[in-house]
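So the sequences go chain by chain: A, B, C and D.
For what it's worth, the numbering used here labels the leading residue of the first sequence as -8, then goes sequentially.
For what it's worth, the numbering used here labels the leading residue of the second sequence as 3, then goes sequentially.
For what it's worth, the numbering used here labels the leading residue of the third sequence as 503, then goes sequentially.
For what it's worth, the numbering used here labels the leading residue of the fourth sequence as 79, then goes sequentially.
All C-beta atoms in this analysis are idealised placements derived from N, C-alpha and C, irrespective of residue type, glycine included.
Below: the structure, in structure tokens.
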Amino acid sequence: MTVWLALDLLLAAGSLALAFGVVRARRVFTAIALFIAHGLLLTLAWVRLDAVDVALTEGAIGAGLSGVLLLAARHRLARVGAGRVAEAPGRAVTIAIGLGCAAVTAALGYAVLALPDPAPSLAAEVAASLAATELGNPVTGVLMVFRGLDTLLEAAVLVLAVIGVWSLAPDRAWRGAPGAPWTVVEDGPLALLARLLPPVGIVVAVHILWVGADAPGGKFQAGAILAAMGLLAWLAGLARVPPTASRPMRATVAAGPALFIAVGLAGLMFQGAFLAYPEGLVKPVILLVEFVLTASVAAALALLVLGPPSADARP
Amino acid sequence: MPPPAATDWGILPLLAVMLPVLAMVLAAPLGARGAERLTLSLLLPGFVLAFGTAVAIHVSGAPVVHLLGHWSPPLGLAFRADGLAAAMLLTAAIVIAATALFARDGFGTKPGAPETRAAFAFWPLLLALWGAINLAVVANDLFTLYVALELLTFAAMPLACLEGKRETVEAALRYLMFALLGSVLYLLGVALIYGTAGTLDITLLSGRLGLDAPVIVAAALMTAGLLAKTALLPLHLWLPPAHAGAPAAASAVLSALVVKGSFVILVRLWFGVLAGAPAMGAMQILAGLGAAAILLGSAAALAQPRLKLLVAYSTVAQIGYLFLMFPLVAGMPGSEAAAKAWTGGALQAISHALAKAAMFLAVGLMAARLGHDRIADLAGAARSMPLPLLTFALAGLTLMGVPPSGGFAAKWLLLSAAIEAGQWWWALVVLGGGLLTGGYVYRVLSAGLTAGGARAPAPHPPGLPEAIALGLALLSVALGFLPLASFGLVQVGRMGLAP
Amino acid sequence: MSMLADAFTLVAVLAGIGFFAAGTAGLLRFPDTASRLHALTKADHLGLGLVVLGLLPQAGSLADSLRLLAIWALVLFAGAAAGPMLATLTRRTGPEA
Amino acid sequence: MSGTVFGLLGAALVGIGLFGMLVRAQPLMRIVCFNLLGSGVFLVFGAVARRGAGAGFAADPVPQAIILTGLVVAFAATTLAVALVLRLADDEDEAPR
């Protein structure tokens, strides 16, 4: 038992040290590098919290895609100049803010320690109702059945975010393809990796999606892996992104949430409640929705990392 | 309280949320022109759904509830539309419809014309905003409300900088930072509440939480986060540049609806989730901040050289009125004064939404005709643009609280509730705020009514946009003609009341 | 038999950790990017290889063993691609980029 | 025990991230710190989930599902913020010419 406690404390200490490093880092690049390392440590922390589903997502999105996004942004800012920078607060203000934040941490820490014991939980309710969903993974059960609405709305949030990001394109670049073309590196070892890895990644993603019904995994993790594979191929110049006007691309992003809402409305019509699944067909319907959602999530995540079409084509 | 049980007609608020969301998802593949037509075709059904919800609540005298997938809370999620929710659904449907019709001029796509960036983005953003505000008033689960808040932010932020000018992008970034900080603090509170009670359903939580340490910390975090999103002074700094820099149609929905979403969630937090935990001190602080917002916001509006900024600061001030209801409702729960304050707060939210949307649309029309929005150079506006100036004046009456307008009814209810509750100082604030509001409205009118300078544009035959803005202003005034009894609707399903 | 397997695991994993420690020390202490890269990739390839090798007897099934080997292979790939890219980049832009 | 340790770590990360968001001036730094703050919030939620273990589950699956949803929403927020920052920088770049 104590070995595990020591490991937890070590993880927490490492995470704290990296977090301090992020905040104190003089260069943005250092901060981002430390932040990615922090995300990887957190992935281990999630495993220790018995949240393997979250660990997979944290690794793929929290550390992976966020890291790529931030590093690419830093790279671009370094090229065009850091941009106008707000005035950093003076010493006295900084100290005051520091004390305030320490107070927030103290209050929050106290609240965490003061949470009631035994802790309230819905684990028993989930266990009792999970059989009706024909799913083996309780987290997938919550995501797709009990709190299916949240998942549906979250998929809609991704579509909205893509629209929001595209709306930030400069008008003269609007007809172009998302992403800044100068990031593409066409030769060297990256091209090799971009040829070898995607087949493996696709197999892994399909596996993660498939086992998600009964074991940790699911559409978001699989979608993130697929998005990463797509981005890799794009970076190596092996794949092109169609222009914003492309109907198939837009339809891919929209298909998952649209199907999910359609299934919900069908439940309203035939079962009398939104998102009530047809009896006996619960699992097939859920798997179908998850399958289409994975494609939409992958497309949306990749487009979000690419950013709006850029007017900047310089090498 | 026991978990909410499904009722008849629960499908109405559900569809009021899901139809705009579905339309938003379909908007991108349909393209700008398709999205525009889809939005316009949804305006009437959306209004009917909101109206139907109100009728169902009025007839049954109880909230309308839909359980998603037949799963009942705490495991499942519920939509619960009470009187306040129905009133907000109706307001949103009206404001969205007016804005959409108004926006056809600026964001419409002619058949065969290429899709522009602004037109591509505007319609789905408007639809998302509509779905999000409806979700924010009917969802009964604290985490679903978090998703609603994020949807609201992600729709509102790009609207604020749709023109792509540098200042507006800067304002949008500042707005996004405030909003993200606000929602993350809110989510932190949600985590603590789940850890304390094991449920996030507002009805189930109501009366179950005492004043334990985690609950106090959660309440503080969530309140701070929601205040940042509602732009209550001193967290208002993001609002004026963001709302003033947006295109007129976007400003209208931002000021009229978006800030109301987080306000309604705050009401649900204090009078639903925390109904069993009286915190009069916190209520007085909220109202104190509201009072400061009324006085300082109005004074700032009085000093603005630009018309759009004046209207935006007026929003900062009018938001303050909403917060006066907190100590008055909490002071003597179940009393006549509390009921009056509740109705007053709801009515203020509605009448401000209508009046402010009208005002922003009118100001947008004036700025478009003049090519600028400097108040000092408004001379001749009364002759060249009589309808927008009249719209501004009528909306101003509601904001001032001059009888017989919707704003008068709201402010009168708050004022008399304050006196009945023995908290007369809030009544003074209401009166003082009305005077200051009169000051800035008069400033604009007097500038517009001066005989035209040489640069005043020629008179212009009013079209549909002018009529829409005027219609909203007339509605905001007409609210005051409704018999007071008809506002009983917003009392239905109020939590923390003896049944 | 299982004692022997456990002992093998212990030795191999400890040796792997040793390589990781040495690699990390090299990353921190070596003077230039090329030798740092050298230290880092050695730790990745050999250290992880030893850890995976040590864990193989503990794997419950053939599928689990294959997964462990797949992890090693993927890291090798990534290292093989990232190492030369970093080296090229440093040669082109200097160590501070 | 893990629940408490990582719950407290979450509390600390919230304070650190908040501090960075308020004190650091570069917009990109603020976004990184926002993500730090977010990871603290999710850890607190994760601690709540771990404490709710029962009925044969090692943790309460409801908050775990909520964290998954929250992670994806937070990522979408990050991409929007980054897009805004890049847009501002591009404008800056072109203004003088």
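Regarding residue i and the ligand GDP, is the C-beta to nearest heavy atom distance less than 7 Å?
i: Gly54 of chain B; result: Absence of the ligand GDP is noted for the structure shown, with no ligands found whatsoever.
Just how far apart, CA to CA, sit residue i and residue j?
i: Gly299 of chain B; j: Leu96 of chain D; result: 28 Å
i: Ala97 of chain A; j: Ala90 of chain D; result: 8 Å
i: Gly482 of chain B; j: Tyr177 of chain B; result: 34 Å
i: Leu106 of chain A; j: Arg128 of chain D; result: 12 Å
i: Pro406 of chain B; j: Leu477 of chain B; result: 12 Å
i: Val92 of chain D; j: Gly91 of chain A; result: 12 Å
i: Leu(-4) of chain A; j: Ser80 of chain D; result: 7 Å
i: Ala227 of chain A; j: Pro189 of chain A; result: 12 Å
i: Leu61 of chain A; j: Arg15 of chain A; result: 17 Å
i: Thr225 of chain B; j: Leu187 of chain B; result: 9 Å
i: Arg67 of chain A; j: Thr21 of chain A; result: 16 Å
i: Val577 of chain C; j: Ile27 of chain A; result: 17 Å
i: Gly184 of chain B; j: Phe265 of chain B; result: 13 Å
i: Leu46 of chain B; j: Ala245 of chain A; result: 24 Å
i: Ala289 of chain A; j: Ala196 of chain A; result: 10 Å
i: Arg569 of chain C; j: Gly78 of chain B; result: 37 Å
i: Ala293 of chain B; j: Phe328 of chain B; result: 12 Å
Quickly, what does DSSP pair residue i with across the bridge? List them, please.
i: Ala293 of chain B; result: Paired residues: none, contrary to the question.
i: Phe81 of chain B; result: B:His68, B:Ala141
i: Arg531 of chain C; result: In the DSSP output, where bridge partners are listed per residue, Arg531 of chain C has none listed.
i: Phe135 of chain D; result: D:Gly132
i: Pro300 of chain A; result: A:Pro169, A:Gly170
For residue i, which of the options has the nearest alpha-carbon?
i: Arg371 of chain B; options: B:Ala250, B:Leu474, B:Ala88; result: B:Ala250
i: Lys274 of chain A; options: A:Pro233, A:Asn128, A:Ala286; result: A:Asn128
i: Gly346 of chain B; options: B:His60, B:Trp272, B:Ala412; result: B:Ala412
i: Ala181 of chain B; options: B:Ile204, B:Leu234, B:Glu165; result: B:Leu234
i: Asn136 of chain B; options: B:Ala381, B:Ile98, B:Ala369, B:Val61; result: B:Ile98
i: Trp240 of chain B; options: B:Leu276, B:Asp214, B:Arg270, B:Val171; result: B:Val171
i: Gly132 of chain D; options: A:Gly50, A:Gly12, A:Asp44, A:Ala115; result: A:Ala115
i: Val148 of chain A; options: D:Gly116, D:Thr156, D:Val163, D:Leu114; result: D:Thr156
i: Ile321 of chain B; options: B:Thr155, B:Ala357, B:Pro463; result: B:Ala357
i: Ala291 of chain A; options: A:Leu266, A:Ala146, A:Ile27; result: A:Ala146
i: Val66 of chain B; options: B:Phe49, B:Pro126, B:Met20, B:Asn142; result: B:Asn142
i: Leu571 of chain C; options: C:Thr590, C:Pro586, C:Leu550; result: C:Leu550
i: Gly409 of chain B; options: B:Pro464, B:Gly435, B:Ile470; result: B:Gly435
i: Gly98 of chain D; options: B:Lys167, B:Met179, B:Ile377; result: B:Met179
i: Pro4 of chain B; options: B:Ser74, B:Thr232, B:His462, B:Phe53; result: B:Ser74
Can you give me the Cβ contacts of residue i inside the same chain, cut-off strictly under 7 Å, excluding the 5 residues immediately before and after it?
i: Leu129 of chain B; result: Pro22, Ala25, Met26, Ala29, Thr41
i: Ala154 of chain D; result: none
i: Leu189 of chain B; result: Tyr148
i: Leu250 of chain A; result: Val280, Val283
i: Ala303 of chain B; result: Leu312, Tyr315, Ser316, Ala319, Tyr442
Residues in its own chain within less than 6 Å of residue i by CB, not counting five upstream and five downstream?
i: Arg18 of chain A; result: none
i: Ala302 of chain A; result: Pro161, Arg163, Ala164
i: Leu159 of chain A; result: Pro299
i: Pro501 of chain B; result: The predicted model places Pro501 of chain B with a pLDDT of 32, which falls under 50 and marks its position as unreliable; any figure quoted below should be read in that light. Cβ neighbours of Pro501 of chain B beyond the five flanking positions: none.
i: Val95 of chain A; result: none
i: Thr155 of chain B; result: Ala181
i: Ala514 of chain C; result: Leu552, Leu555, Gly556
Does residue i come within less than 8 Å of chain E when only Cβ atoms are used?
i: Leu187 of chain A; result: Reference to chain E is not applicable here, since the protein chains of this structure are A, B, C and D.
Sorted by chain position, which residues of the same chain lie with C-beta nearer than 8 Å to residue i's C-beta, five sequence neighbours on each side aside?
i: Leu2 of chain A; result: Leu32, Leu35, Ala36, Arg39
i: Leu433 of chain B; result: Leu417
The segment 577 to 591 of chain C in contact with the segment 179 to 186 of chain A per 3-pair CB rule at 8 Å: yes
Can you find at least 3 beta carbon pairs, one from the segment 328 to 338 of chain B and one from the segment 285 to 296 of chain B, that sit closer than 8 Å? yes
Touching or not, the segment 78 to 92 of chain B and the segment 520 to 534 of chain C, by the rule of three or more beta carbon pairs under 8 Å? no
If you pair each beta-carbon of the segment 251 to 258 of chain B with each one of the segment 100 to 110 of chain B, do three or more pairs fall below 8 Å? yes
Determine contact between the segment 189 to 202 of chain B and the segment 259 to 266 of chain B, defined as no fewer than three beta-carbon pairs at a distance below 8 Å. no
Answer yes if the segment 129 to 136 of chain A comes into contact with the segment 229 to 243 of chain A, meaning at least three C-beta pairs across the two stretches below 8 Å, and no otherwise. no
Quick one: any contact between the segment 288 to 296 of chain B and the segment 204 to 221 of chain B, if contact means 3 or more CB pairs under 8 Å? no
Whether or not the segment 383 to 394 of chain B and the segment 463 to 474 of chain B are in contact is what I'm after, with contact meaning three or more pairs of Cβ atoms, one per stretch, closer than 8 Å; do they touch? yes
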